[in-house]
Amino acid sequence: MFDQMLQSRRFGHRRRAVGIVLVLLAQVITPIFLAPTEAPIVERFDHDAGRYGPGNRGISFETPAGSVVSAIGDGVVTFAGPVAGAVWVTVMHTGVETATAGYPAGLRSTVGPMASIDVAAGEQVIAGQRLGTSAGRVGLTIRDGDTYLDPEPFIARVRMTARLVPVPPR
0 MFDQMLQSRR
10 FGHRRRAVGI
20 VLVLLAQVIT
30 PIFLAPTEAP
40 IVERFDHDAG
50 RYGPGNRGIS
60 FETPAGSVVS
70 AIGDGVVTFA
80 GPVAGAVWVT
90 VMHTGVETAT
100 AGYPAGLRST
110 VGPMASIDVA
120 AGEQVIAGQR
130 LGTSAGRVGL
140 TIRDGDTYLD
150 PEPFIARVRM
160 TARLVPVPPR
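In structure tokens form, the structure reads like this:
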């Protein structure tokens, strides 16, 4: 029905308006980080109990074992290996995308547990690059120094930023 409306001469001006709106939205929507997997979030950030208290210091995705796990952003792998019997990958994000989006440069993301890893410490990665495969449910943490941050705002599908556009005189 929407396609018919757009094809109609009567709605030609609306089609142009929709196109203009889409172009404007593309200019003001700035992606921050990608989700490490397309699976849904099943456990949210819950870190109110202090540094060593209970809670979830990240978010968890309901990922079937063997699913691809990807880098959430550009950076350098600082760790890829086992910790307490589980395999994890940590990436330092030093790229421009964090600073220009209003977040501090030097954020670290950690994903896991992994069944296999395809990267090594010191390797440059780009957003969306395969890091390995999941061992089941995947956890994601983001840290600024030693402070855990809620990852969900960082992996939003889009982030709106205000931008003034000059209006032509009438």
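In this text, residue positions in the sequence shown follow numbering that gives the first Met the number 0: the first is 0, and each later residue adds one.
Just so you know, even glycine gets a beta-carbon here, dropped at the ideal spot from N, CA and C.
Cα atoms of Gly74 and Val82: separation of roughly 21 Å, rounded to the nearest angstrom. For Thr140, the number of other beta carbons within 10 angstroms of its own is at least 16, and it is reported as buried. Every beta strand (DSSP E) stretch that sits fully inside the stretch 41 to 98 and reaches 3 residues is listed by chain position as 58 to 60, 67 to 69, 74 to 82 and 85 to 92.
The residues Ile40, Glu42, Arg43, Phe44, Leu139, Pro150 and Glu151, in chain order, have a CB closer than 7 Å to that of Ile58 in the same chain once the five nearest residues on each side in sequence are set aside. In this structure, the beta-carbon distance from Gln128 to Ser66 does not fall below 8 Å.
Apart from sequence neighbours up to five positions away, the residues of its chain that approach Ala79 with a beta-carbon distance below 6 Å are Val88, Ile116, Val118, Ala119 and Ala120, ordered along the chain.
Within the same chain, Thr36, Ala38, Val68, Ser133, Gly135, Arg136 and Val137 come within 8 Å of Thr62 by CB-CB distance, once the 5 residues on both sides are set aside.
The continuous beta strand (DSSP E) containing Arg107 extends over residues Leu106 to Ile116. Here Ile154 carries a helix assignment [DSSP, helix/strand/coil]. Val90 is not a Cβ neighbour of Met113, given a cutoff of 8 Å.
For Leu130, the uninterrupted beta strand (DSSP E) run begins and ends at Arg129 to Asp143, by DSSP. Bridge partners of Val124 according to DSSP: Gly74. Where Thr146 is concerned, the enclosing beta strand (DSSP E) starts and stops at Thr146 to Leu148.
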